[in-house]
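Here's the structure we're looking at; comments come further down.
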Amino acid sequence: MHTPLPTSARQLAAPAPVALTGVAVRLLRLRLVRPFETSFDRIDSRLIMLTRLEGEGVQGWGEIVALEEPLFSYETVDTARQIIKRHLAPALLRGPVTTLDDVASRLRRFRGHPMAKAGLELAWMDLVGRLRQEPITTLIGGPRPRVNVGVSLGIEPTRQALLALVDQHLALGYQRIKLKIKPGWDVDVVDAVRQRHPSILLSVDANAAYTLGDAAHLRKLDPFNLLMIEQPLGHNDLVDHARLQQQLATPLCLDESIVDVHSAGQALQLESCRMINIKIGRVGGYSEALAIHDLCLAAGIPVWCGGMLESGIGRAHNLALASLPGFTLPGDISASARYFTRDIIVPPVEVASDGTVAVPTRPGLGLDLDLDYMTQETVEIERFEQTT
Ligand code: SMG
Ligand code: MG
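The numbering used here applies: residue 3 is where the sequence shown begins, and numbers increase by one.
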């Protein structure tokens, strides 16, 4: 078992306290290359919400992964914007900021709204990286130069269409295929994919579409040797998942139910799951993501990096996070081309034929922003400054 990296070894502080001169949020809409359907919705574009912190003449960028509707979690693009404007931005603009802990503790007194908070923590880490001239992966102590990745495939109009997509993504090198499932699109679909590809790493994600009453039905997935079943039950449930795990051979993985290191600890105590999907946005930023990573590493629970159909900015942060030692399973970090015809970063994220992606090594996010394209697609920008 690995020993967690001591927090003191992490470089989460700016070289000197940073008096932030502005906090901005920017909305831009990117069309998806194909519609993405889950058990809760079908979308054909992403309203991308970026965050920007300005200080010491440098800008740090982050992303808020909230959706337009409160379907994955209660947060939306609109709630995040209000919370930042009224509470979070003023808290950061009030006096020089020193470390990631300082950012987190200023935001922690406001309950909830993890995706909004994460957007600011991400931008802070990019800013620190640029000021220290180090990539985020170095700041957080990630030793992995390349990360293993998979792809998440949505519900398709036909099984044939899904099978074709599976083939296509395996040919591109993806190490693991995740299928979105819901009642009526589950056992038969998994059976068809498994028959065609008997030995690939295969998992399913229900986004909370079932109840404990479906345990007998979900047991029908056991013969397919799945890597995991992700979030089959309620979005805020831990207890029923523990009961379900006792009835299944297949490991359960929690996504929506893990909202911070506290709920991760409770899930491990209750044995609600045998692996955890860490999304920086869902858990409120780097502070909690690092804490969950360290907890799981010490407990021998594998983690992997989830995705929210982010732009390249959010994806670059995901790559940095996934470079940590506990991220032993392939993440939902796919190539830019799997999501958008054109990404807002250069170069775009590319997946090598061995199903790995390089972790950026230049300072901060480690990628250039395509500011012309960002400007072209921008719907709105709002900027906040200290008022008193
Ligand atoms: O970014 O590749 C991606 C998407 C991965 O399936 C994915 N995310 O529950 O894990 C999940 C879903 C949530 C996305 S909803 C738009
Ligand atoms: Mg999920």
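Every residue gets a Cβ at the ideal spot worked out from N, C-alpha and C, and that includes glycine.
DSSP three-state assignment for residue i, whether helix, strand or coil
| i | result |
| --- | --- |
| T5 | In this predicted model, T5 has a pLDDT of only 48, less than 50, meaning its place in the structure is not dependable; the value taken from the coordinates is given anyway. Correct three-state label for T5: coil. |
| S355 | coil |
| D80 | helix |
| A360 | strand |
| A442 | Nothing can be reported for residue 442: it is not among the residues displayed for the chain, which extend from 3 to 390. |
| S47 | strand |
| I142 | helix |
| I231 | strand |
| A18 | strand |
| P116 | helix |
| H123 | According to the sequence provided, residue 123 is Glu. The question's His does not apply to it. Three-state result, E123: helix. |
| G131 | helix |
| L246 | helix |
| G287 | coil |
| G316 | helix |
| G1 | The structure shown does not extend to residue 1, since the chain is modelled only from 3 through 390, so no value can be given for it. |
| L254 | strand |
| L52 | strand |
| L299 | helix |
| L270 | helix |
| L155 | strand |
| V263 | helix |
| R12 | coil |
| S338 | helix |
| S325 | coil |
| L94 | helix |
| V105 | helix |
| T2 | This structure does not reach residue 2, given that the chain is present from 3 up to 390, and the question cannot be answered. |
| R111 | coil |
| L240 | coil |
| L292 | helix |
Cutoff 7 Å; reference residue i; Cβ partners in own chain excluding five residues on either side
| i | result |
| --- | --- |
| L174 | V353 |
| V263 | E290, A293, I294, L297 |
| T100 | A15, A16, P19 |
| T78 | A68, L69, E70, E71, P72 |
| E273 | A244, Q247 |
| A125 | T53, R54, L55, G62, W63, G64 |
| E2 | In the structure as shown, the chain starts at 3 and stops at 390, and residue 2 therefore has no counterpart that could be examined. |
| R108 | A93, L94 |
Opposing strand residues paired with residue i [DSSP bridges]
| i | result |
| --- | --- |
| W306 | N279 |
| P137 | G366 |
| I347 | L371 |
| N150 | T358 |
| I383 | R28 |
| V99 | V20 |
| R33 | S47 |
| F42 | Looking at the DSSP assignment, F42 forms no beta bridge with any residue, so it has no partner. |
Cβ shell of residue i (< 6 Å), same chain only, five flanking positions each side left out
| i | result |
| --- | --- |
| L204 | I179, L228 |
| L270 | A301 |
| P37 | R44, D46 |
| A91 | V25, F386 |
| E232 | D207, C255, D257 |
| I85 | H115, A118 |
| P304 | M277, T330, L331 |
| K184 | S41, A211 |
| A120 | I282, G283, G286, G287 |
| G328 | H295, C298, L299, V305 |
| V130 | A16 |
| L135 | For the sequence presented, residue 135 should be read as Gln rather than Leu. Excluding residues within five positions, the ones whose Cβ falls inside 6 Å are P365. |
| P350 | S338 |
| A322 | I138, T139 |
Beta-carbon proximity list for residue i, same chain, < 8 Å, skipping 5 on both sides
| i | result |
| --- | --- |
| V189 | H219, K222, L223 |
| V381 | L29, L30, R31, L49 |
| W187 | I157 |
| G333 | V149, N150, V151, G152, W306, C307, G308, G309, N320, A324 |
| S265 | L240, S259 |
| I383 | A26, V27, R28, L29 |
| P234 | A208, A210, A211, Y212, D216, L220, H243, L246, L254 |
| L155 | L164, L167, V168, H171, I179, K180, L181, K182 |
Extract the residue ranges of the beta strand (DSSP E) inside the stretch 54-78, only unbroken runs of 3 or more that lie entirely within it. Counting whole runs of 3 or more residues, the stretch 54-78 contains the beta strand (DSSP E) stretches 60-66.
Whole runs of the alpha helix (DSSP H) within the stretch 159-226, excluding any shorter than 4 residues: 161-173, 189-198, 217-221
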